[in-house]
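Enquirer:
Protein chains in written order, with the numbering used here: chain A, 1 to 116; chain Y, 117 to 433.
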């Protein structure tokens with residue numbers, strides 16, 4: 001897996017749910033493999049619309065709002081409290097990420113219903 | 117940036133080490149609304165000088181005021197309690213903690229100050245030196261809701277945080293134990309609003325340091341504290357009404373549990389409450405005869421006007 005993510009938020013109990021928008025729900029204290037696909041989904045979930053109103057009087061879109069949605073920053077570019085993300089050495093070469101437990105599923109954040 | 121929508125925003129908080137110095141958020145929580153607003157305090161000039169218009173403006177003292185409304189989650193309320201004048205004792209063992217908060221009378225300052233980071237339409241607002249001027253816990257939409265009035269020393273520019281979210285359950289129907297007086301459970305109340313008002317105000321001092329050219333508050337002070345509760349109950353006989361007329365104090369305990377878990381709850385106690393208003397209302401033909409009460413507190417035998425007890429897995433670090 002290209003990324004390895006460790007979650008250790010001191011304010012939460014071991015095993016408490018930690019939901020990261022666009023990535024899924026993880027247990028505090030765990031280490032997880034994150035695939036390229038999951039990482040990309042994270043960027044899409046944090047996309048920003050950098051669009052604006054076309055101000056060129058010569059343009060046929062003059063005065064019209066033109067969206068320009070850009071993917072958000074990558075997992076290694078963001079700062080998340082109590083979360084460490086490293087690019088795995090296996091990204092370039094081969095095997096084993098070691099004794100890693102992964103419970104996340106791409107694009108399928110776990111929501112307990114009525115939870116925050 | 118395009119046109120934003122509120123649902124895409126977030127609010128995070130962190131305790132400050134030095135009051136007024138920004139700390140990136142360590143805790144994010146869902147909110148229902150917020151209205152934090154930078155107050156510039158512009159000083160407009162109107163000297164007599166052959167003009168009857170403002171002739172200029174001098175940048176004045178600044179602060180931030182507004183409120184945050186949220187579901188009252190046990191892992192969140194505690195942080196805001198620290199931003200009031202509370203003596204908070206933490207007991208229990210990991211992972212189940214009990215925070216017992218008792219108002220203090222030692223200083224004009226809160227126990228801790230908070231940095232609040234609000235992201236609106238992907239734009240970051242960093243508010244520093246935040247204190248809770250007033251906390252209200254009330255039933256809204258059948259859930260326990262928290263409204264906190266905030267006063268902050270200043271605002272700073274910060275980089276965007278990436279939130280994480282917990283899975284705490286709000287306190288809703290079927291999870292209440294109302295005791296009036298404390299040991300006697302009653303079943304005739306459907307709504308209440310409990311508040312602690314610290315009457316905070318920004319305090320400005322002559323200085324030249326800090327964000328916004330040193331024009332922020334040096335600190336936020338707090339004044340006389342008032343603990344009050346309003347409630348609506350079914351009116352069935354004169355027993356309680358007679359106590360109101362006689363000016364007899366009562367103790368009140370309200371306990372709300374999340375999913376009926378003893379390890380996730382918010383309880384508040386008013387040891388000595390007096391009814392300041394007792395309206396018995398007949399509104400219309402089909403209305404139930406209700407009593408609308410206002411309770412004002414005085415200190416009890418322990419010297420406390422109120423006490424809050426929160427059971428949670430949140431570790432305040």
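The beta carbon of each residue, even a glycine, is placed where N, CA and C say it ideally should be.
Just so you know, these numbers come straight off a predicted model, no measurement behind them.
Between residue 78 of chain A and residue 278 of chain Y, how many whole angstroms is the CB-CB distance? I'm expecting something under 8 Å.
Expert: As a position in the first chain, residue 78 of chain A is number 78, starting the count at 1. As a position in the second chain, residue 278 of chain Y is number 162, starting the count at 1. Going by Cβ atoms, the distance from residue 78 of chain A to residue 278 of chain Y rounds to 4 Å, so yes, they are a contact pair.
Enquirer: Just verifying my parser: in three-state terms, what is the DSSP assignment at residue 75 of chain A?
Expert: Position 75 of the first chain, counting from 1, holds the residue named residue 75 of chain A. Residue 75 of chain A falls in the coil class under three-state DSSP.
Enquirer: Name the two residues that bound the continuous beta strand (DSSP E) containing residue 222 of chain Y.
Expert: In the second chain, residue 222 of chain Y corresponds to position 106, counting from 1. In this chain, residue 222 of chain Y is not harboured by any beta strand (DSSP E), its DSSP state being neither H nor E.
Enquirer: Identify the contact partners of residue 48 of chain A in chain Y, using a Cβ-Cβ distance below 7 Å as the criterion.
Expert: As a first step, residue 48 of chain A is located in the first chain; it is residue number 48 there, counting from the start. By Cβ distance, chain Y contributes 238.
Enquirer: Please go through the same chain and pick out, in chain order, the residues whose beta-carbon is closer than 8 Å to the beta-carbon of residue 153 of chain Y, but skip the five residues on each side of it.
Expert: Position 37 of the second chain, counting from 1, holds the residue named residue 153 of chain Y. Listed in chain order, the non-local C-beta contacts of residue 153 of chain Y below 8 Å within the same chain comprise 180, 181 and 182, local neighbours out to five positions each way being set aside.
Enquirer: Could you tell me whether any Cβ in chain Y is nearer than 8 Å to the Cβ of residue 32 of chain A?
Expert: Mapped onto the first chain, residue 32 of chain A falls at position 32. So no, residue 32 of chain A is outside the interface.
Enquirer: Looking only at DSSP bridge pairs, what is residue 349 of chain Y linked to?
Expert: Along the second chain, one-based indexing puts residue 349 of chain Y at 233. Looking at the DSSP assignment, residue 349 of chain Y forms a beta bridge with Y:305 and Y:407.
Enquirer: Is residue 3 of chain A helix, strand or coil by DSSP?
Expert: Walking along the first chain from the start, residue 3 of chain A turns up at place 3. Correct three-state label for residue 3 of chain A: strand.
Enquirer: Spatial neighbours of residue 149 of chain Y within its chain, please: CB distance less than 6 Å, with the 5 preceding and 5 following residues excluded, ordered by chain position.
Expert: As a first step, residue 149 of chain Y must be located in the second chain, where it is residue number 33. Closer than 6 Å at Cβ, skipping near neighbours: 185.
Enquirer: If you count every other CB in all the chains shown that lies within 10 Å of the CB of residue 323 of chain Y, and 16 or more means buried, which is it?
Expert: In the second chain, the residue the question calls residue 323 of chain Y occupies position 207. Exposed, since its Cβ has fewer than 16 Cβ neighbours within 10 Å.
Enquirer: Return the CA-CA distance between residue 143 of chain Y and residue 431 of chain Y, expressed in angstroms with no decimal places.
Expert: Taking the second chain and counting its residues from 1, the one referred to as residue 143 of chain Y is at position 27. Taking the second chain and counting its residues from 1, the one referred to as residue 431 of chain Y is at position 315. Between residue 143 of chain Y and residue 431 of chain Y, the C-alpha separation is close to 11 Å.
Enquirer: Along the chain, where does the beta strand (DSSP E) that runs through residue 25 of chain A open and close?
Expert: For this step, residue 25 of chain A is matched to residue 25 along the first chain. Boundaries of the beta strand (DSSP E) harbouring residue 25 of chain A: 24-27, taken from the DSSP string.
Enquirer: What did DSSP end up calling residue 318 of chain Y once you bin it into helix, strand or coil?
Expert: For the purposes of this step, residue 318 of chain Y is identified with residue 202 of the second chain, where counting begins at 1. Looking at residue 318 of chain Y - three-state DSSP - the assignment turns out to be strand.
Enquirer: Leaving out five residues on either side along the sequence, give the residues of the same chain with a beta carbon under 7 Å from the beta carbon of residue 477 of chain Y.
Expert: The first residue shown for chain Y is 117 and the last is 433, placing residue 477 of chain Y beyond what the model contains.
Enquirer: Report yes or no: do the region 279-298 of chain Y and the region 240-252 of chain Y share at least 3 C-beta pairs separated by less than 8 Å?
Expert: no
Enquirer: DSSP three-state label for residue 357 of chain Y, please.
Expert: Counted from its first residue, the second chain places residue 357 of chain Y at position 241. Looking at residue 357 of chain Y - three-state DSSP - the assignment turns out to be helix.
Enquirer: Below 9 Å on C-beta distance, what does residue 81 of chain A contact in chain Y?
Expert: Locating residue 81 of chain A in the first chain gives position 81, where the first residue counts as 1. Residues of chain Y passing the Cβ test: 128, 130, 140, 141, 142, 143, 144, 277, 278, 279 and 280.
Enquirer: Under 8 Å, do residue 369 of chain Y and residue 385 of chain Y count as touching if we go by C-beta distance?
Expert: Along the second chain, read from residue 1 onward, the residue named residue 369 of chain Y stands at position 253. Along the second chain, read from residue 1 onward, the residue named residue 385 of chain Y stands at position 269. It is a contact, given that the beta carbons lie within the stated cut-off.
Enquirer: What are the residues in the region 40-66 of chain A lying within 8 Å of chain Y by C-beta distance?
Expert: Cβ contacts with chain Y come from 46, 48, 49, 50, 51, 52 and 65.
Enquirer: Name, please, each residue of chain A whose Cβ falls closer than 8 Å to the Cβ of residue 296 of chain Y.
Expert: Numbered from 1 along the second chain, position 180 holds the residue referred to as residue 296 of chain Y. Neighbours of residue 296 of chain Y in chain A, taken as residues at a C-beta separation under 8 Å, are lacking, since the least C-beta distance is about 29 Å.
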